[in-house]
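Written below as structure tokens is the structure these notes are about.
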Amino acid sequence: MNYIAHLHLAKHTHTSLVGNFLGDFIKGSALSDLSVDLQHGVRLHRQIDVYTDSHPVVLALKSHFPKSIRRYAGIVLDVYFDHLLMLHWQTFSKPALSTQEVFTEFYLDLAQLDMTINPHFTRVKEGLLAHQWLADYQQPSTCLRALHSIERRFSRKIEFAEQAMIHVAENRPQLRQSFLHFYPDLLRHSEQFVSKLSR
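Taken in order, the sequence shown gives residues -15 to 183; the numbers are from my numbering.
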């Protein structure tokens, strides 16, 4: 899952928003340098990624991607699922909680985070705080921009974003139904995982 899903799941499980965000940037033993709240967030983030990657619904969706870009299907689904979550936010948010409330809390927490991890983290943090672009995922065009950004981070030239979004456009109903089937499973799994962390 991508940024928005991790933040939503953090809020749903009452774990650290920033901790869940850090899961993409904290590697290995660096986890021990964090506060317990941040550690729990990172651990939940990692568990969410593992569960998502192995879920039958997600595996089936990946298998339907064109062979030429199938190796990037997980990245594409992570990004597109953020868009779908924005569209169906209230379905999965109890009590009713707006994206604006969650994003505002996250931006404030992120601004107070005094950590230097790596240049990529610094760029993402600065971009988020300067432009506050998470709400842009309401628009499907943001997915293409995000995938182009990911393309540029690869050390060698790789192009999959355009073809991926063509596939997404051709399979929107199936992707939506699959997401609506999968996400409740992920919510329950996240709750169970966090309950064990707290023991």
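Glycine included, each C-beta is placed from N, C-alpha and C at the ideal position.
Outcome for residue i when other beta-carbon atoms lying within 10 angstroms are tallied against a minimum of 16
i	result
Val34	exposed
Asp62	buried
Gln23	buried
Gly111	exposed
Ser162	buried
Asn4	buried
Gly25	buried
Ser174	buried
Ser0	buried
Thr83	buried
His29	buried
Val152	buried
Val178	buried
Asn(-14)	buried
Ile150	exposed
Beta-carbon proximity check, residue i vs residue j, cutoff 8 Å
i	j	result
Pro157	His67	no
Val20	Phe166	no
His72	Leu15	no
Leu94	Lys78	no
Leu(-7)	Tyr64	no
Asn102	Phe9	yes
Tyr56	Ala148	yes
Leu81	Lys(-5)	yes
Glu171	Phe49	With the sequence shown as reference, residue 171 is identified as Leu, and Glu is not the correct amino acid for it. Their beta carbons are not under 8 Å apart, which means Leu171 does not touch Phe49 by this criterion.
Contact set for residue i: own chain, Cβ-Cβ below 8 Å, skip 5 residues either direction
i	result
Leu(-9)	Leu1, Asn4, Phe5, Val86, Phe87, Phe90 and Leu118
Close beta carbons around residue i, own chain, < 7 Å, minus the five adjacent residues each side
i	result
Leu181	His24 and Arg27
Gly58	Asp37 and Lys46
For residue i, three-class secondary structure by DSSP
i	result
Pro200	Only positions -15 to 183 of the chain appear in the structure, and residue 200 is not among them; the question remains open.
Gln158	helix
Asp8	coil
Pro50	coil
Leu81	coil
Glu175	helix
Close-in-space but distant-in-sequence residues of the same chain around residue i (CB under 6 Å, 5 per side omitted)
i	result
Glu146	none
Met70	Tyr121 and Gln122
Thr126	Asp120
Asp169	none
Three CB pairs or more closer than 8 Å across the region 29 to 44 and the region 135 to 147: No, they do not touch.
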